[in-house]
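Some notes on the structure that comes next.
The structure is reproduced here in structure tokens:
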């Protein structure tokens, strides 16, 4: 705990609160804590990575900008992906990845940053997930062609922006659990992904589950919990 | 024109502005003026119908509540439909209706009030439109089964609430013009039809055209213009 | 299919489109179609129930108002629950219900209509789920006391209105999958459940999955898919 | 299809999903697929253009930034317009353009980026459309002067930002189909084009059809379908 | 002032704070205080009217429901207008009304409740204003026909719902001050008058001034100040 | 705890979860739990009141509708106030109320329901608060006249709807803590109290503290905590 | 008119629509057309200025960025103000400015860009307006001190951001017409000026008139019309 | 006062209104005026600092960007904190800081800019506040571990972004006054801090008080008032 009984930080200097990572989260919930880097300074992230190194813990980092990565790359071995702005510290799992459980489905190529955040987060947790890209409903034959194969997976993480019609069409075709990840792809009324999010929540196909816009990591975490 | 040079309406009495119907609209735009009854008192509507009777004009009325209809039914021969809250004054077209040009497609039975507003407006303008009901994307086979037949129409008026995924799926399958009518069916994030409207506007299928939520009449008017 | 090649519905009469239920949905997706009654007239629902009776199919109905139920109760044996506005046609499952898989957790007593929609939908699909009511975070001891027991379930359906803090607190404590159902309980900024929905989506606890506000049925359908 | 049965992408490397263009869309819907470049990396676009070159297909690209164009211009012959951020690959139609069918009407000079996206998309599909610029309703004489000429076109694509009053005024004057394209011109309450979009949808003139804010391409696609 | 030093209101009884009318407002601002009745009980209004009677003051009441009026009508002589839900206490001005200064222009008959609130408020303040009704832009000839006459007024109070295009069209034609009153007429995106309000604020015609949705009284008050 | 290990509630019957009141809340936080009645059935409230009677506990109830009160009044002695929809069970405090610490200030008479909820909640907790009603900024002299007296209180609970300008004006005049309670008084853009809430949060006077719209109880609870 | 009968613009080149300025607007409405520069390229503005030079017309330009100004400054004599992003072409009025009619009142120094847009627009139209700056309600004495002097003006243009309480306080004190200009000053809920706009529209002081956020030019135009 | 009777500012030059600081605010309200630097030019701030220097007054500045600070640092001795964008002019209090009254609690490291604004503002007013960082509810043990210590403070300023569940959990555990400061940390539905703000206002724990998003200074000002 940041020692609040210590002398109060002087008025002129910034405080240096101890980082309080929830290292026990995996034991409680099955999912280890990840580092959401938005709003953190490189010094904040450096302190977290140092704790991880001291504990020999692996960490998954999201929303890590390229400049922040550059500021850290000299001191920490990070596997960084600029497309998804994710990084892995401490290496990938050493055991072979489980597969045939989770698939990633995307509506268009513009959704790849979110797809990749989810795919890497799954891999970090030991799960290999194939990507079925570019399956938007404007050309339904693409979804129809893939339907039989998609029906074999227990969990389908679907990523779509714009109007997000993919979520409903997919959920009506397959028995697996559909996790909808709205993607911030679009303009005008769909700028920022709000339209796709609404489509996921209002789906006429029962059982569609939604996460926040662009939250590929959250979808991956839920998928891990579902397949146990 | 309400004669503004006449003595100003007395302070204690309501004004009686002359109704100023745009009887020339059909000549200019091809679509005659209709009567939007929301916010009008039965007396307002009565004055309009009286003008129509005097001119031997036919009129289409929308958003006519059952009580308002009851207040008028004694004096005017109205063909009233409570489901769509529309009424026809002056009778249906006497010539045979054109068909094979416009089809109506709906996602679910709850959308029927809007479907019926559009279908009756089309009939008022001389166009018979078959209804393909209950074609929501949660069971895509329904849309696939109908696709070949739907591909024959020049205009498809699609009515859907909730997430409105029907609009994109349909527009990717057929060459006809797709007019999307969001329906105020749903709850939570889709209450009021806003989610379906957004889906229509953000569609990944190019060329989807949208009208206001529940505006079956507007969709019918546009369809009339399109088929000429 | 509503036979669109039949004579077009006459201009003056309401159409009678054939109901097009998706009876095959269970085979495809594991979840049978349910009947969303909002916006449907009693005649619409009657037509659907008649089809079900003819097929000897069981049906789950949501958003069935008491007056609509009353209009149908004479002709169909419905197990109706006015609190959740759900009804079961064709009886409950005859096999013993599975239990120990899914739990229901609610923040307050006002959330019970949504809880009950989910509980009955689960039971309709053969799953018994105990209810842990009144576990809001304003008295965290309630959640802490129940944490060990809640940690045994594979799926936790959490129902909360107002600020929806329960979702994050619960998801940080247990390994099961947390499905958040925002409840339309609250006033001012939380009127209608939007605040709780946002809390579910923005949760700092990874892996929280959200459904639409008040969508107890959707949460139950997803839970069924998760436990297989 | 991106071969999902191939070895799963390694945890440390970005996936390389095959691009899955819907080359058959023109056959189905009359409108070939276009490339929405927002959110795509230059490498994504390069892969798509390579497919097009291999098939000797022409392509229309929207939302292509100048830097992305610069990255591609060395390898592909693109006719790029920085004002509308559109590009044409594979050349313009060789047959003479059809004209006298579609007109473009804009409220102000600030709307020209959207006008130009529509005009170029029409030309790509073989339709020449004259531009009636600067016809905002603040000076109604401009619209009145043009009304007779505008009345000759079958389709009028109207582009307006701010309050979008042009849509209603135009639709009340001419018999052609009016497609309203809200333009992201304005500030305060009209920032981003939302006010103009609302005006298009809420128009008191029946039959106005709307597309998403700034969606000149979509309006052009719909116009192509309408004139057949 | 409600005497706060008096014994505090007992816990079990409702407080009875003295009504604190701003009887001096006319002297300061030229406009006497009016009574906004929404949210006030009949007892609250009764107390205010009693004060007015004691001071021999005239009062204008807005948003007075018919039941509230009925509860008061026995004790106070109110000139009540159910269409606009306004009432006048203490009689109309005895001097002849000024005219030729302010005109009321409305887009449609559904706007008459708001028009009438403004017209009666003007009359209460001694100003007669003619009503030019049904001048919506869907039939621009109506506005053009009236333009010359409208150009004679110093202030034009324009009332419109739906997309509110009237405000811009009118302001581009006449030299008078245009006060836009959005009217809660419309449905879907224009429900509640928000679309018309946005149109007033985003108008491309410079100098349009807006008041709150349905605020006919406020527009009248501003007009009184403008003409002095 | 609702005994979840007991036999699961049968599929056909409503569950009867034990009410789980947080009777220890006062010990922890200084403020006893209150009963938010919205969304609770009379049976739910009855169960809570029975627990309270058994424990000889006093309870404060908010958002209790008159019909719900009527259903309970025969069995429980409730001091009910229809204006504020609050009730007290178990009687008021027996000790004399503290005064001179908290004042209530309201902008208009329409705000009295919220004022009264706060006043009664304060009295329930042993605090007498005088009411300074009708102090809206449209007549600043009212606020100026009261300023000296208001400056004596440690806490000022200010209740205002519409544009909520009272909050800033008051906070700039007095040294006491200002708690702003937005009131759902207004129409158009201020319907529901959102405008007043925004004003409280955006106040240019530093230190204004806000609670939810209409949350008189919450303001009273905070005031109790502040004065200790 | 942009000659639409001329050869259609070639597919590969940008169109060059003739600029269609509304040079007659002053004659019709008393306010000459101004140039809204946002969204216009320097070439667009250049074309407009060239027309103005040819006609020896003066022009007022708003939202002119510094880079756009720099691109034009070599060819046109512009009196540019970077704070308000306005420019005057063709010089200021040669006659002495009218004064004592319009005053500008601002809540804080951050509002000066909007104040200055209004002040310069007034001066362009021949009106000198003194500025009463920094009169926010957090220190009401500032407003009180100025009240007597402010009461002498016929029109008061009030500029405020954040919660916009100044509008109501001012309007309750003076007999002049109050035009409220919301300023995009603030953060969180008041970011962009929306909160201040709402305050202007929802004001409890009757007769406050609002323009769009940041629309100092519009307020000036209205003030010119009011004082004739 | 900016002397409005002086010659009106010339049309071509920017005005130079006198800065009108509210130096008496501390005497009236206990909290001295601070300088909100957003939207002010360095020259504006320079003028304010010069006044302060002349009066030998201390000042707290918020939202001071680094470039603005750099422009001023040569002339004024400012203690600047780039993380919180705050600066102190005139030095910190010379007396020893009061402590043990106010604590700062934050959900995550990304909230530190807001925490630091509050901490420095408290120190400027003579109050030392320890920081309990990283106490988000996803790992409730962190809050539980600190609960006993937190229960000793009279005021707790809680800073959280995303879903803001910390506010309710904390307020249910401690007797101190909880001031919730939403932090603009998050993405998608929680971008900008709106979700956390809603959570603060809708909290199920009574007595939570909210300030605007990111308003650490306002929370500090209120805390000062509360502890007197």
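Residue numbers (my numbering), protein chains in the order written: chain X, 1 to 228; chain B, 1001 to 1228; chain P, 2001 to 2228; chain Y, 3001 to 3228; chain V, 4001 to 4228; chain G, 5001 to 5228; chain F, 6001 to 6228; chain W, 7001 to 7228.
We put the beta carbon where it would ideally sit given N, CA and C, even for glycine.
These figures come from a predicted structure and were not determined experimentally.
Three-state secondary structure (DSSP) of residue 2082 (chain P): coil
State whether the region 7183–7195 of chain W contacts the region 7148–7157 of chain W, with contact taken as three or more CB pairs (one from each stretch) at a distance under 8 Å. no
Taking residue 2099 (chain P) and residue 2133 (chain P) to be in contact with their CB atoms under 8 Å, please state how far apart those CB atoms are, rounded to whole angstroms. Actually they are not in contact, since the Cβ atoms of residue 2099 (chain P) and residue 2133 (chain P) sit about 17 Å apart, beyond 8 Å.
Measuring CA to CA, which of G:5052, G:5019, G:5031, G:5159 is closest to residue 5225 (chain G)? G:5031
Under 8 Å, do residue 4168 (chain V) and residue 3165 (chain Y) count as touching if we go by C-beta distance? yes
Once the 5 residues before and after residue 6013 (chain F) are set aside, which same chain residues still bring their CB inside 7 Å of it? Low confidence applies to residue 6013 (chain F): its pLDDT is 44, below 50, so where it sits in the model is not reliable, and the reading given next is rough at best. Cβ within range, chain order: n/a, list empty.
Using 8 Å as the threshold, is the C-beta distance between residue 6103 (chain F) and residue 6126 (chain F) below it? no
Alpha carbon to alpha carbon, how far is residue 1149 (chain B) from residue 160 (chain X)? 29 Å
For residue 179 (chain X), three-class secondary structure by DSSP: strand
Taking all protein chains shown into account, do 16 or more other C-beta atoms lie within 10 angstroms of the C-beta of residue 3025 (chain Y), making it buried, or fewer, making it exposed? buried
Determine contact between the region 4079–4092 of chain V and the region 4168–4185 of chain V, defined as no fewer than three beta-carbon pairs at a distance below 8 Å. no
Helix or strand or just coil, what does DSSP make of residue 3154 (chain Y)? coil
Roughly how many angstroms separate the alpha carbons of residue 73 (chain X) and residue 5029 (chain G), rounded to a whole number? 47 Å
Under 7 Å by beta carbon: chain B residues contacting residue 2127 (chain P): Residues of chain B passing the Cβ test: none, with the nearest at roughly 22 Å.
At 3 residues or longer, what runs of the beta strand (DSSP E) sit wholly inside the region 4089–4140 of chain V? 4102–4106
In chain X, what lies closer than 9 Å to residue 3044 (chain Y) by C-beta? 109, 110, 112
With a threshold of 8 Å between beta carbons, is residue 3054 (chain Y) in contact with chain F? no
Residue burial classification, residue 6123 (chain F) (beta-carbon count within 10 angstroms, cutoff 16): buried
Residue of B:1115, B:1142, B:1020 minimising C-alpha distance to residue 2023 (chain P): B:1142
Alpha carbon to alpha carbon, how far is residue 3090 (chain Y) from residue 42 (chain X)? 47 Å
Taking the alpha-carbon positions, what's the residue 2170 (chain P) to residue 2114 (chain P) distance? 18 Å
Exposure label - residue 4067 (chain V); buried when at least 16 CB within 10 Å: exposed
Chain-ordered chain G contacts of residue 7206 (chain W) [CB-CB under 7 Å]: 5031, 5034, 5217, 5218, 5221
Residue 6234 (chain F): buried (16+ other C-beta within 10 angstroms of its C-beta) or exposed? Given a span of 6001 to 6228 for chain F in the structure shown, any question on residue 6234 (chain F) remains unanswerable.
Identify which residue in B:1200, B:1075, B:1205, B:1051 has its Cα closest to the Cα of residue 1162 (chain B). B:1200
Sequence-distant residues of the same chain with beta carbon closer than 6 Å to residue 4221 (chain V), five excluded per side: 4031
Against chain X, with Cβ distances strictly below 8 Å, would residue 2225 (chain P) count as a contact? yes
8 Å Cβ cutoff, residue 6038 (chain F) in contact with chain Y: yes
Under 9 Å from the C-beta of residue 6172 (chain F): neighbouring residues of chain V: 4022, 4025, 4028, 4029
Please list, in chain order, the residues of the region 164–190 of chain X that have any C-beta partner in chain P closer than 9 Å. 171, 172, 173, 174, 175, 176, 177, 178, 179
Any idea what DSSP makes of residue 64 (chain X), helix, strand or coil? coil
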